[in-house]
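Beneath this line is the structure, given in structure tokens, with notes to follow.
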Amino acid sequence: MKVAIVGYPNVGKSSLVNRLTESREAVVHEQAGVTRDRKELKTDWNGRRLTLIDTGGVDLEDRDELARQVQDQARAALADADAVVLVVDAKSGLRAGDQEVAELLRRGALPVVVAANKIDTTSDVPLAADFHRLGLGDPVAVSAAHGLGTGDLLDRIVALVPPGEDDEEEQDDGAVRLAVIGRPNVGKSSLVNRFLGTGPGSQPAGRVIVSPLAGTTRDAIDLPITFEGREMVIVDTAGLRRQAKVGESLEYYTALRSQRAAERADVALVVCDSGQGITSQDLRVAELAMVSGCATVLVLNKWDVSGADADLEHERARAGQKLRQRPRVLTASAKTGRHVERLLVEAVALADRRATRIATPQLNRFLSEVVAARQPPAGGSRRGRGAPQRLKLLFMTQTAVRPPRFSIQVNSRAKITRDYAYYVENRLRERYHLEGIPVIIDFVERNERAVSERGRAA
Numbered sequence: 110m111k112v113a114i115v116g117y118p119n120v121g122k123s124s125l126v127n128r129l130t131e132s133r134e135a136v137v138h139e140q141a142g143v144t145r146d147r148k149e150l151k152t153d154w155n156g157r158r159l160t161l162i163d164t165g166g167v168d169l170e171d172r173d174e175l176a177r178q179v180q181d182q183a184r185a186a187l188a189d190a191d192a193v194v195l196v197v198d199a200k201s202g203l204r205a206g207d208q209e210v211a212e213l214l215r216r217g218a219l220p221v222v223v224a225a226n227k228i229d230t231t232s233d234v235p236l237a238a239d240f241h242r243l244g245l246g247d248p249v250a251v252s253a254a255h256g257l258g259t260g261d262l263l264d265r266i267v268a269l270v271p272p273g274e275d276d277e278e279e280q281d282d283g284a285v286r287l288a289v290i291g292r293p294n295v296g297k298s299s300l301v302n303r304f305l306g307t308g309p310g311s312q313p314a315g316r317v318i319v320s321p322l323a324g325t326t327r328d329a330i331d332l333p334i335t336f337e338g339r340e341m342v343i344v345d346t347a348g349l350r351r352q353a354k355v356g357e358s359l360e361y362y363t364a365l366r367s368q369r370a371a372e373r374a375d376v377a378l379v380v381c382d383s384g385q386g387i388t389s390q391d392l393r394v395a396e397l398a399m400v401s402g403c404a405t406v407l408v409l410n411k412w413d414v415s416g417a418d419a420d421l422e423h424e425r426a427r428a429g430q431k432l433r434q435r436p437r438v439l440t441a442s443a444k445t446g447r448h449v450e451r452l453l454v455e456a457v458a459l460a461d462r463r464a465t466r467i468a469t470p471q472l473n474r475f476l477s478e479v480v481a482a483r484q485p486p487a488g489g490s491r492r493g494r495g496a497p498q499r500l501k502l503l504f505m506t507q508t509a510v511r512p513p514r515f516s517i518q519v520n521s522r523a524k525i526t527r528d529y530a531y532y533v534e535n536r537l538r539e540r541y542h543l544e545g546i547p548v549i550i551d552f553v554e555r556n557e558r559a560v561s562e563r564g565r566a567a
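The structure is reproduced here in structure tokens:
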């Protein structure tokens, strides 16, 4: 059951969604207009599964282009919903903006419940009565800040629509989770709209708001699609600013949303502006994805504008030199659609390789070839009893996937140098096509393994 949460700006819609879903996924800020795109969050109540659609504040009198796009997003949410919660600010009383939204809802066919928010004490409850004048039934007094009346509101919501098949528990279908991350205004939302087959030239309004104003996208938004028979979930995130600019609390929480998106994803597209090349901030975003366990692709967007002037080989060399995971660097144009489909092909391939398990016999043949091609470093002598003892790589196996993790048994961890560890990691990437995928290699000393096994036996 999908429920659209709508209302005038700054009435507490996102705070109420966070309270009802027991999360902090919707961005909340005292500044009006923080929520601009629509965002879907799941919860359940008395055995019913609910999807709450958080929308931007609707001011029908505002003719600004960005405000118009927010209104379009709210209308799209209504078209996708089974019921509506109209949130109003009880402390401010009935306003003209509330009446305009209520009139829009009365003309529709969806069942509506009015949530009179900011009823923070029992003495404030009579304030909700003023909203009977909206003609949408008895308002429910609630407090997003303190939780007052939220159970009553959920009771009213589930009573609006009879149970259906959509309320059944969802199963993990192995969908590829794709995070679209990067600095502000590099074209992330335009790229997402291209993935969804919307945007300029198509009938539906773009699923994500696009504006020349940097930082328009504030939330991380999960969007399901199907590509060549594979289920995918695209996470469109707020831009990451330079650390020095993340002083305002809103920008700080926006960066946190982007980090969370990377942590929940299988693959991250790090979108860069091809006119600027791969900047140091782009590299830091890619490192963030790697630390989060994401497979990574760098995308030089806006190639239709700057492709003739950009040095692609230079950018690829820079990424290979600076980034340990050695991601591919691809070009695309969200505006024209050039090479956009190739990005999804690459994302699916990376997700599959990130989840692949390599057989132990293959890994040990690989290990023998690596040692034969370059001898491990020699350590110090064994207390004067002859030649220095050389590092030995004895056995290799894979211990985990998503991201892939390997264990190599050695005779002495002290003899492992960073240079040789990187050599083994890079050869592993080349052999099994793990470019752009975080690889973890644990070097385990043979005696440590024996002690561990004896401990388990005891």
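Heads up: take any position in the sequence shown, counting from 1, add 109, and you land on our numbering.
The C-beta atom is built at its ideal place from N, Cα and C for all residues, glycine as well.
The model shown is predicted, which means the values in this text are computed figures rather than measured ones.
_Per-residue burial, residue 486 [other beta carbons within 10 Å of its own, 16 or more giving buried]_ = Here residue 486 corresponds to residue number 377 of the sequence shown, with the count starting at 1. Exposed: under 16 other Cβ atoms inside 10 Å.
*Three-way DSSP call (helix, strand, coil) for residue 545 in this model*: The count along the sequence shown starts at 1 and reaches residue 545 at position 436. For residue 545, the three-state secondary structure derived from DSSP is coil.
*Could you please give me the residues that DSSP links to residue 239 through a beta bridge?*
As a position in the sequence shown, residue 239 is number 130, starting the count at 1. Paired residue(s): none; residue 239 is not in a bridge.
_Cα-Cα separation between residue 521 and residue 405, rounded to whole angstroms_ = In the sequence shown, counting from the first residue as 1, residue 521 sits at position 412. In the sequence shown, counting from the first residue as 1, residue 405 sits at position 296. Distance between the alpha carbons of residue 521 and residue 405 is about 33 Å.
*Does the beta-carbon of residue 164 have 16 or more other beta-carbons within 10 angstroms, so that it is buried, or is it exposed?*
The residue labelled residue 164 in the question sits at position 55 within the sequence shown. The residue in question, residue 164, is buried, as its Cβ has 16 or more Cβ neighbours within 10 Å.
*If you draw a straight line from the alpha carbon of residue 372 to that of residue 512, how long is it in whole angstroms?*
Working through the sequence shown from its first residue, we reach residue 372 at position 263. Working through the sequence shown from its first residue, we reach residue 512 at position 403. If you take the alpha carbons of residue 372 and residue 512, they lie about 12 Å apart.
_residue 517 versus residue 196 - alpha carbon distance_ = Walking along the sequence shown from the start, residue 517 turns up at place 408. Walking along the sequence shown from the start, residue 196 turns up at place 87. Cα-Cα distance, rounded: 58 Å.
*asked:* When you compare the stretch 293 to 300 with the stretch 372 to 389, are there three or more beta-carbon pairs, one atom per stretch, that lie closer than 8 Å?
replied: yes
*Who pairs with residue 381 in a beta bridge, going by DSSP?*
As a working mapping, residue 381 is identified with position 272 in the sequence shown. Beta-bridge pairing links residue 381 to 409.
*asked:* Whole angstroms are fine: how far does the CA of residue 519 sit from the CA of residue 553?
replied: As a position in the sequence shown, residue 553 is number 444, starting the count at 1. As a position in the sequence shown, residue 519 is number 410, starting the count at 1. In this structure, the alpha-carbon of residue 553 lies about 6 Å from that of residue 519.
*In three-state DSSP terms, what is residue 195?*
Your numbering for residue 195 matches position 86 in the sequence shown. It is a strand residue.
*Might you give, ordered along the chain, the residues of its own chain that have their beta carbon closer than 7 Å to the beta carbon of residue 480, omitting 5 neighbours on each side?*
Position 371 of the sequence shown holds residue 480. Closer than 7 Å at Cβ, skipping near neighbours: 502.
*Please report the residue range of the beta strand (DSSP E) in which residue 270 lies.*
Here the question's residue 270 lines up with position 161 in the sequence shown. Element bounds for residue 270: n/a, residue is neither H nor E.
*CB-CB under 6 Å to residue 235, same chain, minus the five flanking residues each way: which ones, in chain order?*
Taking the sequence shown and counting its residues from 1, the one referred to as residue 235 is at position 126. The answer is none, since no qualifying residue turns up.
*asked:* Buried or exposed for residue 151, going by 16 or more other Cβ atoms inside 10 Å?
replied: For the purposes of this step, residue 151 is taken as residue 42 along the sequence shown, with counting starting at 1. Burial call: exposed.
_Reference residue 116; option with closest CA among 205, 160, 155_ = Locating residue 116 in the sequence shown gives position 7, where the first residue counts as 1. It is 205.
*Among 268, 472, 121, 532, which one has its Cα closest to the Cα of residue 506?*
Position 397 of the sequence shown holds residue 506. With distances taken between Cα atoms, residue 506 lies closest to 472.
*Please name the residue or residues paired with residue 420 in a DSSP beta bridge.*
In the sequence shown, the residue the question calls residue 420 occupies position 311. DSSP lists no partner for residue 420.
*Report yes or no: do three or more beta-carbon pairs, one from the stretch 332 to 341 and one from the stretch 249 to 260, lie closer than 8 Å?*
no
*So, is residue 218 buried or exposed, given that buried needs 16 or more other C-beta atoms within 10 angstroms?*
Walking along the sequence shown from the start, residue 218 turns up at place 109. By the neighbour-count rule (16 or more Cβ atoms within 10 Å), residue 218 is not buried but exposed.
*Label residue 434 either buried or exposed according to how many other C-beta atoms from any shown protein chain fall within 10 Å of its C-beta, with 16 as the threshold for buried.*
The residue labelled residue 434 in the question sits at position 325 within the sequence shown. Buried is the call here.
*Could you have a look at residue 474 and say whether DSSP puts it in helix, strand or coil?*
Counting from 1 along the sequence shown, the entry for residue 474 is found at position 365. Note: residue 474 maps to helix in three-state DSSP.
*How is residue 219 classed by DSSP in three states: helix, strand or coil?*
Translated into the one-based positions of the sequence shown, residue 219 becomes position 110. Here residue 219 sits in coil by DSSP.
*Exposed or buried, residue 510, counting other C-beta atoms within 10 Å across all chains shown (16 or more means buried)?*
Numbered from 1 along the sequence shown, position 401 holds the residue referred to as residue 510. By the 10 Å Cβ count, residue 510 comes out exposed.
*For residue 400, does the count of other Cβ atoms within 10 angstroms reach 16, so buried, or fall short, so exposed?*
In the sequence shown, counting from the first residue as 1, residue 400 sits at position 291. Exposed is the call here.
_I need the DSSP call for residue 279, collapsed to helix, strand or coil._
The sequence position of residue 279 within the sequence shown is 170, counting from 1. Because the pLDDT of residue 279 is 43, which lies under 50, any placement of that residue in the model is unreliable, and the question is left without a value.
*Which residues bound the alpha helix (DSSP H) around residue 299?*
Here residue 299 is taken as the residue at index 190 of the sequence shown, counted from 1. Run containing residue 299: 297 to 304, per the alpha helix (DSSP H) assignment.
*What is the residue span of the alpha helix (DSSP H) that residue 484 lies within?*
Position 375 of the sequence shown, counting from 1, holds the residue named residue 484. Counting along the chain, residue 484 falls outside any alpha helix (DSSP H), and DSSP gives it neither H nor E.
_Assuming residue 441 is part of the beta strand (DSSP E), what are its boundary residues?_
As a first step, residue 441 must be located in the sequence shown, where it is residue number 332. Here residue 441 belongs to no beta strand (DSSP E), and DSSP marks it neither H nor E.
*Rounded Cβ spacing between residue 285 and residue 157 (contact assumed at less than 8 Å)*: Stepping through the sequence shown from its first residue, residue 285 is reached at position 176. Stepping through the sequence shown from its first residue, residue 157 is reached at position 48. 29 Å between Cβ atoms; not a contact.
*Does the distance from the C-beta atom of residue 112 to that of residue 194 stay below 8 Å?*
Stepping through the sequence shown from its first residue, residue 112 is reached at position 3. Stepping through the sequence shown from its first residue, residue 194 is reached at position 85. In this structure, residue 194 lies closer than 8 Å to residue 112 by Cβ.
*asked:* Taking a contact to mean a Cβ-Cβ separation below 8 Å, would you say residue 412 touches residue 456 in this structure?
replied: Here residue 412 refers to the residue found at position 303 when the sequence shown is read from its first residue. Here residue 456 refers to the residue found at position 347 when the sequence shown is read from its first residue. No. Outside cutoff.
_Pull the bridge partners of residue 163 from the DSSP assignment, please._
Position 54 of the sequence shown, counting from 1, holds the residue named residue 163. DSSP, once it has assigned bridges, lists 114, 148 as partnering residue 163.
_On the criterion of 16 or more Cβ atoms from any shown chain inside 10 Å, does residue 315 qualify as buried, or is it exposed?_
Mapped onto the sequence shown, residue 315 falls at position 206. In this predicted model, residue 315 has a pLDDT of only 47, less than 50, meaning its place in the structure is not dependable; the value taken from the coordinates is given anyway. Counting Cβ neighbours within 10 Å, residue 315 comes out buried, since at least 16 surround it.
_Pick from 546, 341, 476 that is closest to residue 532, judged by C-alpha positions_ = By one-based count along the sequence shown, residue 532 stands at place 423. Per the Cα distances, 476.
_So, under 8 Å CB-CB, residue 437 and residue 539 are touching, yes? Tell me the CB distance rounded to an integer number of Å._
Here the question's residue 437 lines up with position 328 in the sequence shown. Here the question's residue 539 lines up with position 430 in the sequence shown. Residue 437 to residue 539, Cβ: 13 Å. No contact.
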